[in-house]
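These notes are about the structure you will find just below.
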Amino acid sequence: MARHTTKATKDATVNLRLAKSERQLCERAAERAHLQLGTWMRQTCLRAAEREAGTEERRARLLDFIQRARSGEVAPAKEHAEAIALARDDEWKR
Amino acid sequence: MEALSAVVDTSVLLRAENGDAQALDRLERLVAGDASWGVAAVTLYEVLCKGSAPKTWREFYRELFASCEVLPITEEIALAAAEVNRTLRTPLRAPDALIAAAASSVGAILVTADEDFLRLPGLAIELLRPC
Numbered sequence: 007m008a009r010h011t012t013k014a015t016k017d018a019t020v021n022l023r024l025a026k027s028e029r030q031l032c033e034r035a036a037e038r039a040h041l042q043l044g045t046w047m048r049q050t051c052l053r054a055a056e057r058e059a060g061t062e063e064r065r066a067r068l069l070d071f072i073q074r075a076r077s078g079e080v081a082p083a084k085e086h087a088e089a090i091a092l093a094r095d096d097e098w099k100r
Numbered sequence: 031m032e033a034l035s036a037v038v039d040t041s042v043l044l045r046a047e048n049g050d051a052q053a054l055d056r057l058e059r060l061v062a063g064d065a066s067w068g069v070a071a072v073t074l075y076e077v078l079c080k081g082s083a084p085k086t087w088r089e090f091y092r093e094l095f096a097s098c099e100v101l102p103i104t105e106e107i108a109l110a111a112a113e114v115n116r117t118l119r120t121p122l123r124a125p126d127a128l129i130a131a132a133a134s135s136v137g138a139i140l141v142t143a144d145e146d147f148l149r150l151p152g153l154a155i156e157l158l159r160p161c
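In structure tokens form, the structure reads like this:
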């Protein structure tokens with residue numbers, strides 16, 4: 007991720023309460039990744055946050071498209087839909 | 031594969047392409063909602079196999095399929111679809127049988143605009159009203 011190529015000042019802290027077993031689980035994952043626990047948790051949380059942000063942006067684009075299709079701003083694809091419907095009958099004969 | 035709330039049949043996407051408000055409303059609710067939903071992989075093939083698809087709709091599908099579960103046609107699903115069609119007097123079209131089996135495999139309601147699925151006993155169906 008590009009975010010990790012420049013050294014940002016990391017002066018914000020988050021207190022995280024974990025059960026002993028949860029901490030051990032995270033420690034084992036960090037060991038497997040050859041990272042310190044804090045580094046592993048930071049990278050893992052950032053990846054999840056970025057994925058979540060991407061998901062929300064995609065959802066917004068999809069909803070915008072649907073609204074524009076409903077309003078007629080996006081042209082229907084009637085010829086294509088008809089071609090697919092015909093193909094369903096012709097190419098997949100019972 | 032985790033359980034899904036709904037699997038969307040190809041027929042719903044074709045109705046959406048025609049500008050059908052009911053199909054677009056249903057897709058909107060699925061996209062906006064938090065429940066997991068999906069499509070069968072064969073639906074991707076069906077809506078993307080023709081060159082006549084406008085670029086706007088192809089891009090829409092690319093994002094739509096990235097935002098939901100795409101159910102692969104596994105051995106289990108292929109066998110279930112074959113079993114269904116063997117027992118029907120008039121079999122379903124092959125993609126429909128595979129879509130129905132995929133929906134059943136994850137315990138999902140099949141959202142469809144195709145009344146033909148009503149012939150399948152035991153399949154949970156949400157049928158869009160005819161245009």
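From first to last, the protein sequence lines are chains A and B.
Here the numbering used here runs 6 ahead of the position in the first sequence, where the first position is 1.
Here the numbering used here runs 30 ahead of the position in the second sequence, where the first position is 1.
Ideal Cβ placement from N, Cα and C applies to all residues, glycine included.
CB contact check: residue i to chain A, cutoff 8 Å
i: T104 of chain B; result: no
i: K85 of chain B; result: no
i: F90 of chain B; result: yes
i: A157 of chain B; result: One point to set straight first is that residue 157 of chain B is Leu, not Ala, in the sequence displayed. With 8 Å as the cut-off, L157 of chain B does not count as an interface residue toward chain A.
i: P125 of chain B; result: yes
i: E47 of chain B; result: yes
i: E99 of chain B; result: no
i: A96 of chain B; result: yes
i: E113 of chain B; result: no
From the options, residue whose alpha carbon lies closest to that of residue i
i: V72 of chain B; options: B:D64, B:F95, B:I155; result: B:F95
i: T117 of chain B; options: B:V77, B:A62, B:T40, B:R149; result: B:R149
i: L60 of chain B; options: A:L41, A:D95, A:L69, A:D96; result: A:L69
i: V20 of chain A; options: A:M47, A:R53, A:P82; result: A:M47
i: F147 of chain B; options: B:A131, B:V100, B:N48; result: B:A131
i: E145 of chain B; options: B:L128, B:S134, B:L122; result: B:L122
i: D55 of chain B; options: B:S66, B:W67, B:V42; result: B:V42
i: L153 of chain B; options: B:T120, B:A127, B:L78, B:C161; result: B:A127
Distance between residue j and residue i (C-alpha atoms, nearest Å)
i: L57 of chain B; j: G81 of chain B; result: 23 Å
i: M7 of chain A; j: T104 of chain B; result: With a pLDDT of 49 at M7 of chain A, under the threshold of 50, the predicted position of this residue should be treated as unreliable, and no value is reported.
i: P84 of chain B; j: L44 of chain B; result: 13 Å
i: A87 of chain A; j: P125 of chain B; result: 16 Å
i: A18 of chain A; j: A59 of chain A; result: 20 Å
i: R94 of chain A; j: A36 of chain B; result: 22 Å
i: G44 of chain A; j: A138 of chain B; result: 40 Å
i: P82 of chain A; j: A70 of chain B; result: 23 Å
i: Y75 of chain B; j: A55 of chain A; result: 32 Å
i: E85 of chain A; j: A91 of chain A; result: 10 Å
i: L101 of chain B; j: E28 of chain A; result: 32 Å
i: E47 of chain B; j: R67 of chain A; result: 17 Å
Within-8 Å CB hit, residue i to chain B
i: E110 of chain A; result: Residue 110 of chain A lies beyond the stretch modelled for chain A, which goes from 7 to 100, so this question has no answer here.
i: A54 of chain A; result: no
i: G78 of chain A; result: yes
i: R64 of chain A; result: yes
i: R57 of chain A; result: no
i: L68 of chain A; result: yes
i: A75 of chain A; result: yes
i: A39 of chain A; result: no
i: R34 of chain A; result: no
Expected contact under 8 Å - CB spacing of residue i and residue j to nearest Å
i: T142 of chain B; j: D39 of chain B; result: 4 Å
i: A33 of chain B; j: V136 of chain B; result: 6 Å
Problem set entry | Inter-stretch contact (C-beta, 8 Å, three-pair minimum) for the region 85-105 of chain B and the region 61-78 of chain A | The region 85-105 of chain B, when compared against the region 61-78 of chain A, does touch it at the 8 Å Cβ threshold.
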